[in-house]
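Chemist: Under the numbering used here, the residues of the sequence shown are numbered 4 to 263, in order.
Input: one structure, supplied below.
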Amino acid sequence: MSYTIDLSGRVALVTGASSGLGAQFAKTLAAAGAGVVLAGRRVERLKTLRAEIEGNGGDAHVVELDVTDHASIKSAVAHAETEMGTIDILVNNSGVGSTQRLTEVMPEDYDFVMNTNTKGAFFVAQEVGKRMIARAQGEAPGTFIGGRIVNIASMAGVRVLGQIGVYCMSKAAVIHMTRAMALEWGRYGINVNALCPGYIDTEINHHQWTTEKGQKLIATLPRKRIGQPQDLDVVLMMLCANESHFVNGAVIQADDGFAV
Ligand SMILES: NC(=O)c1ccc[n+]([C@@H]2O[C@H](COP(=O)([O-])OP(=O)(O)OC[C@H]3O[C@@H](n4cnc5c(N)ncnc54)[C@H](OP(=O)(O)O)[C@@H]3O)[C@@H](O)[C@H]2O)c1
4 MSYTIDLSGR VALVTGASSG LGAQFAKTLA AAGAGVVLAG RRVERLKTLR
54 AEIEGNGGDA HVVELDVTDH ASIKSAVAHA ETEMGTIDIL VNNSGVGSTQ
104 RLTEVMPEDY DFVMNTNTKG AFFVAQEVGK RMIARAQGEA PGTFIGGRIV
154 NIASMAGVRV LGQIGVYCMS KAAVIHMTRA MALEWGRYGI NVNALCPGYI
204 DTEINHHQWT TEKGQKLIAT LPRKRIGQPQ DLDVVLMMLC ANESHFVNGA
254 VIQADDGFAV
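Following this line, the structure appears as C-alpha cells:
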C-alpha cells in the first residue's frame with residue numbers, strides 16, 4: 004500500500020521562507036502541488052527560492068512581511084490572497100533566537116524574541132484565521148474545505164534549556180496559543196497544530212555546530228546528531244493534509260527524542 008498527500012489546489016503561506024526550515028517547508032508544499040506564498044523581510048532571497056520552485060514546476064509568489072509590524076502582516080496577507088487566492092494553509096514559521104542568562108536579559112532582548120516569536124506569530128495566525136472563518140461562514144468569497152495552521156514552536160517550548168530562557172518562554176507561549184486557537188477555531192474547520200523541532204542545522208544555529216561547545220552539545224543528544232530541515236517534511240505534510248481533519252490542537256515533537 005502506498006500513501007500520497009496531494010495539496011493541488013491549496014494555497015499555503017509560509018512565513019520566514021527566506022532560509023532554513025521555512026525554505027524547506029515551502030519547497031515541500033510546492034512539490035505536493037500547493038501554490039506557495041513565500042513571506043519574509045529578505046525579499047531577494049525569497050525571489051531566488053521562487054525561481055527554484057518554479058524551475059521545478061511549482062507555483063510560488065513572494066510577499067514582503069515583517070511579523071513585528073501589524074500593518075505589514077495585514078498587507079502581506081491581503082497581498083498574498085490577491086495574488087494567489089485565499090489561504091488554506093499557514094506555516095507560521097518566522098522566528099529568532101537570543102542567548103543570555105536570565106539575569107542579563109535587557110528589555111530590548113526580551114522584546115526582540117517575544118515580538119517575533121510570540122506576538123508576531125499570534126497576529127499572523129489571527130489575520131489568516133479571521134479570513135478562514137469569514138469563508139467558513141460564507142461571509143467572504145472563496146470555497147472553504149478546511150484550514151490548516153501549523154505553528155512552528157520548538158522542543159524548547161516543552162523543555163527548558165540553559166541560556167535561552169526567553170526563547171523557551173516564547174515557544175511555550177506558541178504551544179499554548181496553538182491550543183487556544185484549536186479550541187476556538189476548530190468549529191470552523193480550521194485545524195491548528197504545533198510542530199516542535201529539535202536541533203536542526205539552519206542559519207539560526209549553524210555557527211554553533213562548528214564550535215567545540217556545539218560539538219560537545221551534539222555528544223549529549225540521545226542519538227548524538229542534529230537534524231536537517233528535510234527531516235521535518237513528513238510531520239509538516241501530515242499536518243497540512245486535507246486528510247488530517249481529525250488532528251487539532253496537537254503538539255508534535257520532531258526532536259529525535261531530545262525532550263522526552
Ligand atoms: N533550527 C532549529 O534547530 C530550530 C529548532 C526549533 C525551532 N526552530 C524554529 O523554526 C523556525 C525557523 O527557524 P530556522 O531554524 O529556519 O532559522 P532561520 O534560518 O534563521 O530562519 C528564520 C526565519 O524567520 C524569519 N524572520 C525572522 N524575523 C522575522 C520578522 N520580523 N518578520 C518576518 N520574518 C522573520 C527570517 O526571515 P527574514 O530575515 O527574511 O525576515 C528567516 O527566514 C523558527 O521559529 C525557530 O524558532 C528552529
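Every residue gets a Cβ at the ideal spot worked out from N, C-alpha and C, and that includes glycine.
Just so it is clear, the structure is predicted and the values come from calculations on it, not from any experiment.
Evaluate the contact criterion for the segment 169-180 versus the segment 120-128: three or more CB pairs, one atom per stretch, below 8 Å.
Modeler: yes
Chemist: Once the 5 residues before and after R104 are set aside, which same chain residues still bring their CB inside 7 Å of it?
Modeler: Q166
Chemist: Any idea which residues DSSP pairs R190 with across the strands?
Modeler: In DSSP, R190 forms no bridge with anything.
Chemist: Using a threshold of 9 Å, state whether the C-beta atoms of A139 and G150 are closer than that.
Modeler: Contact: yes.
Chemist: Q231 by DSSP, collapsed to three states: which one?
Modeler: coil
Chemist: Select from M158, R45, V169 and D114 the residue whose C-alpha is nearest the C-alpha of G230.
Modeler: M158
Chemist: So, for G260: in the same chain, excluding its five sequence neighbours on each side, which residues have a beta-carbon less than 6 Å away from its beta-carbon?
Modeler: P225
Chemist: Going by DSSP, what residue range makes up the alpha helix (DSSP H) through D62?
Modeler: Taken as a continuous stretch (DSSP letters only), D62 belongs to no alpha helix (DSSP H), being part of the beta strand (DSSP E) at D62 to E67.
Chemist: Report the option in D112, L93, E107 and E187 whose CA atom is closest to the CA atom of G100.
Modeler: D112
Chemist: Given the structure, does V99 come close to ligand 1, in the sense that its CB is under 8 Å from one of the ligand's heavy atoms?
Modeler: yes
Chemist: Inspect the CB distances between the segment 24-35 and the segment 231-242 and report whether three or more fall short of 8 Å.
Modeler: yes
Chemist: Quick one: grab the DSSP three-state call for G38.
Modeler: strand
Chemist: When the Cα atoms are used, what is the spatial distance from A128 to Y191?
Modeler: Just so you know, the alpha carbons of A128 and Y191 end up roughly 14 Å apart.
Chemist: When DSSP builds the beta bridges, which residues end up paired with G150?
Modeler: I193
Chemist: Quick check: is any heavy atom of ligand 1 less than 8 Å from the C-beta of E130?
Modeler: no
Chemist: If you measure from the CB of S78, is any heavy atom of ligand 1 nearer than 8 Å?
Modeler: no
Chemist: I'd like the list of long-range same chain contacts for N255, defined as Cβ closer than 6 Å, with 5 residues on each side in sequence excluded.
Modeler: Residue identity check: residue 255 is Ile in the sequence provided, not Asn. Taken in chain order, the residues that qualify are L198 and V238.
Chemist: Look up T7 in the DSSP assignment and say whether it is helix, strand or coil.
Modeler: coil
Chemist: Is it right to say D91 is buried, meaning 16 or more other beta carbons lie within 10 angstroms of its own, or is it exposed?
Modeler: buried
Chemist: In terms of alpha-carbon separation, which member of K77, G60, G168 and N59 lies closest to V66?
Modeler: K77
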